[in-house]
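Chains as they are written, first to last, in our numbering: chain A, 1 to 218; chain B, 1 to 218. We put the beta carbon where it would ideally sit given N, CA and C, even for glycine.
2 protein chains.
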Amino acid sequence: MEQRRADNIAEALEEHIFSGIFQNGDRLDEVRLAEQFGVSRTPLREALQRLALSGLVELVPRRGAFVRQPGPIELMEMFEVMAELEAVCGRLAARRISDEAIEELRDANARCQMAVEARDTDGYYAENERFHKTIYQQSGNGFLEQEATKLHKRLKPFRRQQLKFRGRMAQSMAEHEAIVDALAGGEPEAAADALRNHVAVQGEKFHNLMASLKQKAG
Amino acid sequence: MEQRRADNIAEALEEHIFSGIFQNGDRLDEVRLAEQFGVSRTPLREALQRLALSGLVELVPRRGAFVRQPGPIELMEMFEVMAELEAVCGRLAARRISDEAIEELRDANARCQMAVEARDTDGYYAENERFHKTIYQQSGNGFLEQEATKLHKRLKPFRRQQLKFRGRMAQSMAEHEAIVDALAGGEPEAAADALRNHVAVQGEKFHNLMASLKQKAG
DNA sequence: CCCGTATTTTTTGTATACAAGATTGTTGAC
DNA sequence: GTCAACAATCTTGTATACAAAAAATACGGG
Numbered sequence: 001m002e003q004r005r006a007d008n009i010a011e012a013l014e015e016h017i018f019s020g021i022f023q024n025g026d027r028l029d030e031v032r033l034a035e036q037f038g039v040s041r042t043p044l045r046e047a048l049q050r051l052a053l054s055g056l057v058e059l060v061p062r063r064g065a066f067v068r069q070p071g072p073i074e075l076m077e078m079f080e081v082m083a084e085l086e087a088v089c090g091r092l093a094a095r096r097i098s099d100e101a102i103e104e105l106r107d108a109n110a111r112c113q114m115a116v117e118a119r120d121t122d123g124y125y126a127e128n129e130r131f132h133k134t135i136y137q138q139s140g141n142g143f144l145e146q147e148a149t150k151l152h153k154r155l156k157p158f159r160r161q162q163l164k165f166r167g168r169m170a171q172s173m174a175e176h177e178a179i180v181d182a183l184a185g186g187e188p189e190a191a192a193d194a195l196r197n198h199v200a201v202q203g204e205k206f207h208n209l210m211a212s213l214k215q216k217a218g
Numbered sequence: 001m002e003q004r005r006a007d008n009i010a011e012a013l014e015e016h017i018f019s020g021i022f023q024n025g026d027r028l029d030e031v032r033l034a035e036q037f038g039v040s041r042t043p044l045r046e047a048l049q050r051l052a053l054s055g056l057v058e059l060v061p062r063r064g065a066f067v068r069q070p071g072p073i074e075l076m077e078m079f080e081v082m083a084e085l086e087a088v089c090g091r092l093a094a095r096r097i098s099d100e101a102i103e104e105l106r107d108a109n110a111r112c113q114m115a116v117e118a119r120d121t122d123g124y125y126a127e128n129e130r131f132h133k134t135i136y137q138q139s140g141n142g143f144l145e146q147e148a149t150k151l152h153k154r155l156k157p158f159r160r161q162q163l164k165f166r167g168r169m170a171q172s173m174a175e176h177e178a179i180v181d182a183l184a185g186g187e188p189e190a191a192a193d194a195l196r197n198h199v200a201v202q203g204e205k206f207h208n209l210m211a212s213l214k215q216k217a218g
């Protein structure tokens with residue numbers, strides 16, 4: 001249970017990085033952080049290595065660890081891949097999904113709708129996440145589910161930014177309905193297209209994302 | 001330059017695991033391996049953690065590191081995802097590919113053909129890899145390229161197994177030609193389908209894969 | 001004779017100490 | 001005054017020492 005500790009350090013660091021306590025090129029001083037977290041450098045280094053492999057920090061040999069936020073281009077690329085991964089999940093899920101899962105999707109959507117009406121962004125996001133994770137699961141491919149979940153987590157902070165834009169939650173809801181209909185109807189290509197367009201960052205969404213990035217930098 | 005060292009340990013371990021020196025559930029003893037590689041436990045543990053994140057070993061807290069070869073199911077799942085990733089690369093590349101890259105693909109194919117005639121499996125694999133990596137690149141999405149390359153590498157030993165089956169190389173060649181034609185013709189869906197079918201493990205390929213797995217186990 | 005428990009032993013996880021390389025500051029020459 | 005080379009300092013990477021937890025073994029009770 002003490003591996004837990006390294007995990008917690010990694011997660012805590014993740015939090016700090018995501019929440020903007022650290023800026024983009026900041027060097028992550030090992031001794032400082034070790035003191036701050038009350039552990040020695042050894043587990044802290046292990047945490048850094050994990051974060052490096054997950055892409056949140058860059059590990060330069062003999063130079064140290066640096067916060068590595070994706071720039072606009074890489075971010076677009078990641079969203080493009082996310083859209084395609086979700087599309088694949090949808091295509092597979094349309095053939096393999098269970099009735100219970102469709103119920104769960106409809107349930108998540110209903111709760112989403114309630115959150116929209118209550119202007120509860122956090123609640124909305126929680127149900128939104130459940131919606132997407134259910135689809136990953138129902139792809140029937142555990143490896144795909146893992147990969148999709150990983151990338152979903154990585155993009156979480158940026159997605160949340162976008163939810164703040166007016167009308168986005170309502171539009172997103174409508175898209176969710178279309179996705180469920182395609183899945184329930186067993187239409188693989190329709191489900192894939194609906195999910196790809198739902199996740200892809202295009203048109204207005206693109207401008208919103210860029211705007212939120214500038215806001216963060218300024 | 002000394003980060004290199006940890007990399008080398010990880011790579012050496014990878015080699016050992018891939019080449020069958022270690023069997024599937026084997027425990028990787030830290031002190032033994034440290035002695036064997038002539039380093040202390042610290043860098044060795046870091047190497048293990050990397051391998052854990054890349055999926056080659058499983059790190060059980062307070063229990064140790066174990067070799068983790070994917071079973072038949074997970075393997076199928078990984079090939080399914082690989083096929084879809086390559087399909088996406090192809091779809092994007094069909095729109096974005098450069099003339100030089102098409103030349104490179106044709107060149108790789110020509111060399112492949114030569115290797116087939118010379119029954120040079122290694123040579124064939126090298127050119128085959130160049131072929132696929134070029135398509136990843138030409139997707140114009142660096143992140144996608146990275147992910148595809150990672151999975152490609154992970155599946156490498158299993159793919160190689162399959163090349164040994166009679167006629168596989170020749171069939172694969174024909175498929176390569178079709179892929180290049182679709183890319184050169186700027187047909188996204190055709191390129192995607194061709195690549196998906198090329199990579200997917202179905203029909204005869206499925207039985208071949210299963211046979212090679214049993215062979216390995218026996 | 002077998003099973004459960006306690007003890008010993010091994011092994012992982014963490015801290016600290018040490019070595020090698022990188023960075024920065026200072027001093028001297030042009 | 002500026003640039004370069006050297007030295008001092010700091011930081012990373014590695015080794016070792018120590019603590020805690022799990023596995024193995026031995027002992028005792030049933």
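Neighbour flag for residue i against chain B, beta carbons, 8 angstroms
i, result
"residue 46(A)", "yes"
"residue 195(A)", "no"
"residue 53(A)", "yes"
"residue 3(A)", "Legend: pLDDT at residue 3(A) = 40, less than 50; position of this residue unreliable, no value from coordinates given."
Chain B contact residues for residue i, given Cβ-Cβ distances below 8 angstroms
i, result
"residue 49(A)", "46, 49 and 50"
DSSP-derived helix/strand/coil call for residue i
i, result
"residue 66(B)", "strand"
"residue 50(B)", "helix"
"residue 39(A)", "coil"
"residue 59(A)", "strand"
"residue 119(A)", "coil"
"residue 218(A)", "For residue 218(A), the predicted model reports a pLDDT of 48, less than 50, meaning its position is unreliable; a value from the coordinates is still stated below. Correct three-state label for residue 218(A): coil."
Cutoff 8 angstroms: residue i Cβ touching any chain A Cβ
i, result
"residue 84(B)", "yes"
"residue 199(B)", "no"
Cross-chain neighbours of residue i in chain B, by beta carbon under 9 angstroms
i, result
"residue 81(A)", "85, 88, 141, 143, 144 and 147"
Members of the region 123 to 146 of chain A near chain B, C-beta cut-off 7 angstroms: 141, 142, 143 and 144
Within 7 angstroms of chain A by C-beta, residues of the region 63 to 79 of chain B in sequence order: 74, 77 and 78
Complete alpha helix (DSSP H) runs within the region 144 to 205 of chain B (minimum length 4 residues, chain order): 168 to 184 and 188 to 199
Length-filtered (4 minimum) alpha helix (DSSP H) runs lying within the region 72 to 136 of chain B: As summarised for the region 72 to 136 of chain B, the continuous alpha helix (DSSP H) elements at least 4 residues long and confined to that stretch are 72 to 96 and 99 to 117, given in chain order.
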